Structures are given as C-alpha cells and as structure tokens.
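Peer 1:
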Ligand code: SAH
Ligand code: SF4
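Residue numbers (this note's numbering): 2 to 345.
1) Looking only at DSSP bridge pairs, what is residue 311 linked to?
2) Which runs of the beta strand (DSSP E) spanning at least 3 residues fall entirely within the stretch 104 to 191, listed in chain order?
3) Check whether the Cβ of residue 115 lies closer than 7 Å to any heavy atom of the ligand SF4, and answer yes or no.
4) Find out if the Cβ-Cβ distance for the pair residue 106, residue 195 is shorter than 8 Å.
5) Suppose you measure from the CA of residue 142 to the CA of residue 276; what does that come to, to the nearest Å?
6) Taking all protein chains shown into account, do 16 or more other C-beta atoms lie within 10 angstroms of the C-beta of residue 280, making it buried, or fewer, making it exposed?
7) For residue 232, count neighbouring C-beta atoms within 10 Å of its own C-beta (all shown protein chains included) and say buried if the count is 16 or more, exposed if not.
8) Roughly how many angstroms lie between the CA atoms of residue 66 and residue 152, to the nearest whole one?
9) Quick check on residue 345: buried or exposed, where buried means 16 or more other Cβ atoms within 10 Å of its Cβ?
10) Quick one: is the Cβ of residue 327 within less than 7 Å of any heavy atom of the ligand SAH?
11) Quick check: the stretch 167 to 177 against the stretch 125 to 135, are at least 3 beta-carbon pairs closer than 8 Å?
12) What are the boundary residues of the beta strand (DSSP E) that includes residue 289?
13) How about residue 289 and residue 306: are their beta carbons less than 8 Å apart?
14) At a threshold of 7 Å, does residue 83 count as lining the ligand SF4 (C-beta to nearest heavy atom)?
15) Would you call the CB atoms of residue 264 and residue 223 closer than 8 Å?
16) Give, in chain order, every unbroken run of the beta strand (DSSP E) that is at least 3 residues long and sits entirely within the stretch 230 to 285.
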C-alpha cells in the first residue's frame, strides 16, 4: 500500500487514466485530503463507490505522528515526530505578529557535517519521504486552533533539502498546487547549504519558492573548515551559479550568515561579504551562533553582530538579524536533533 500523502498530482492523473477514471476526480481527491483533512476515502462522497474502493485498495492516508510538543517561553513550539521506523524528526512553529511560520525537516540528520550545526553531528540517518516532509505541516496544522494556523513555511529544519531532491520537489509541488495545499510560493522558503548541481536542476523545476543560501564565510579556507561541502562547491562557484539563478520580479535571494566568534565575524569578513555579493539581488540574514552541548564554537557579542550589520547596511544591503526563537527548548536554528539523539 502506498501513502497518498505526498503522491504527485501528475502520477495520480496517470493512475486515474489507467483506471479509466476521469482525471477531474484527481482534483476532488486532493481537495478532500489537503483542504478538508479527510483521513479516509469513504468520506469522499462525490466520488463513485467503485473509485473509492480502488483508492482504498491502493492507498492509505498517513501522517507522521506527533510524539511530543514543547512550548518555549516566547511561544515558539517544537514538535517531535515519531516516524514509522521510530526515527525522530522535529518541526518548529514560530508565532509572529501577522504570521505563523513552520520550520520543517527534510532528513533524519544530515550528511554535510557543518561544524556549527547539531543536526550535522548525527550524520545522515535517512531521507524523509514526501509524505513525511509535507505531513509535518499537515499534522501540526490539524492540532492548531484556527487563529494559529500556519501561514509561512521555511525548509530550514533538520537536513539538507537538495540532498533529498525528488521527495522534496514532489512535496513542494503539492505545497504550491492550488488543488492541494495551496500555499503561495512567496510564503515558502527553501534553505540550502549550496549544492550547486542540484541548484542548477532545481531552477528548471518551475517551482518559484524563495531561496535562502547558507554562505557563512567569505574565504574558502574558512568555509572549508566549517562547511565541508565547500571543498566540492567553493564560494566562487556557488556565487556564480546564484548570479545565474532566474529570479522572478522583485524577488531576492536570502544569504544566511551564521556568525561564529573569531571565525567569520571580523570587520574584514564584512568587507569581503559586501564585495562578494555585489550585483546579486539579495538580502542578508545574520544569525548569531546558537550554542549546544559539545559545540566547538561561540556566539559573537551583540556589539559585534551590530557592527557587522551596520557595515553591510552602509554598503546598501538589506540586512536582518535573525532573532533566536525557541532557543530555551533547543528549537532555534542549528539546535534540532537533541531529541533525536536522546531517544536513539
Ligand atoms: N541544510 C540547510 C537547511 C537547514 S539549516 C542549510 O544548511 O541551509 C538552516 C540554517 O540554520 C542554515 O542557514 C544554517 O547555517 C543555520 N544554522 C545551523 N546551525 C546553526 C547554529 N548552531 N546557530 C545558528 N544557525 C545555525
Ligand atoms: Fe546540514 Fe544545514 Fe546543518 Fe549543514 S547547517 S549540517 S547542511 S542541516
């Protein structure tokens, strides 16, 4: 049996034509599942009995199970999921005035081993399926009261999305499809450590979500040391690809830059960063390192972060400092995996 959650719309259409069913039923099925939260094919009363029977024989409707919910003092809520094979992943719900953002995971662990990231210490345990990827959104939305429903999605949880390419692309298509999850593509941001070959492929998928790139250093020697993937795709190669990345009107690439004390937070780094990004329509998100037990890095001082920001602003960049949200429950950037570690 196949989980229909995450099953691509185009494949469902093919299957229906094999079954000699009209393809407009695809839209009805997706509506039931993604708009009405149907958990059983029997409730889909506008479909014929025979189609419902075929669907029931072929598919099941399954979401990842929420095992635990931890609420931070700032309202940020971390959801721990237990998957079918007992793997654990986390999603983080972040309330803000006017928007509720869900940060979702794409892998159990991550193989890219960035030195500042707790998820990276796990190694890659396994990829998530498309159902587990988008199921995080659906499962969390189901338990939220109406006024707290998710408005924005950031793919910045555990894992490297472009390292789990097909399921993530399948999931994204369902997220943006009006028949399925109907989330506007401007409300979705995919964050990547910069897998250049996959970025090239992704730009041809015609999925126009926002792109965030974790740059985190201005010299290859530093980036090699903190993000081993840089040895494969050095800064120059990555930025060259991004210069050619097709952006829709008024869209910009977000560069994430985790400030690590004494590693990449000097005034010279700020100068180099301003030069490197010249000509790329972008904004910059500075993130002060969020610590975790056993980490080899330290957070920069507040003054240092502000100096870094001010220099870039003086060079006409749009620069935000990302507030640590949910850090008291290890829900902030780079802190996901604690629970995964605790139960394994
Ligand atoms: N693998 C993707 C998405 C997950 S990481 C990526 O690397 O972009 C999401 C963001 O959290 C990245 O920008 C990463 O640089 C940042 N991050 C990781 N560990 C962090 C930490 N300990 N403190 C602050 N930010 C961190
Ligand atoms: Fe993986 Fe991103 Fe963490 Fe690096 S920062 S180890 S790419 S999840």
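Just so it is clear, CB atoms sit at the ideal spot from N, CA and C, and this is done for glycine as well.
All of these numbers come straight from a predicted model, not from anything done at the bench.
Peer 2: Let's see:
1) Here residue 311 corresponds to residue number 310 of the chain shown, with the count starting at 1. None, per the DSSP bridge assignment.
2) 108 to 111, 124 to 128 and 153 to 156
3) To locate residue 115, count along the chain shown from 1; it is residue 114. Yes, the ligand SF4 has a heavy atom inside 7 Å of this Cβ.
4) As a working note, residue 106 is residue 105 in the chain shown. As a working note, residue 195 is residue 194 in the chain shown. No, the pair does not count as a contact, with Cβ atoms beyond the cut-off.
5) Numbered from its first residue, the chain shown carries residue 142 at position 141. Numbered from its first residue, the chain shown carries residue 276 at position 275. One C-alpha to the other measures close to 42 Å.
6) Locating residue 280 in the chain shown gives position 279, where the first residue counts as 1. The residue is exposed, with fewer than 16 neighbouring Cβ atoms inside 10 Å.
7) Mapped onto the chain shown, residue 232 falls at position 231. Exposed: under 16 other Cβ atoms inside 10 Å.
8) Counting from one through the chain shown, the residue named residue 66 turns up at place 65. Counting from one through the chain shown, the residue named residue 152 turns up at place 151. Roughly 21 Å separates the two Cα atoms.
9) Here residue 345 corresponds to residue number 344 of the chain shown, with the count starting at 1. Because the pLDDT at residue 345 is just 46, under 50, the model does not fix this residue reliably, and the value given afterwards should be weighed accordingly. Exposed, since its Cβ has fewer than 16 Cβ neighbours within 10 Å.
10) Numbered from its first residue, the chain shown carries residue 327 at position 326. Checking the Cβ of residue 327 against the ligand SAH gives no.
11) yes
12) Position 288 of the chain shown holds residue 289. It spans 283 to 289 - the beta strand (DSSP E) in which residue 289 sits, taken as one unbroken run.
13) By one-based count along the chain shown, residue 289 stands at place 288. By one-based count along the chain shown, residue 306 stands at place 305. Against a cut-off of 8 Å, the Cβ pair of residue 306 and residue 289 comes out as a contact.
14) One-based indexing of the chain shown puts residue 83 at position 82. Not so, every heavy atom of the ligand SF4 lies at least 7 Å from the Cβ.
15) Position 263 of the chain shown holds residue 264. Position 222 of the chain shown holds residue 223. Closer than 8 Å, so yes.
16) 254 to 260
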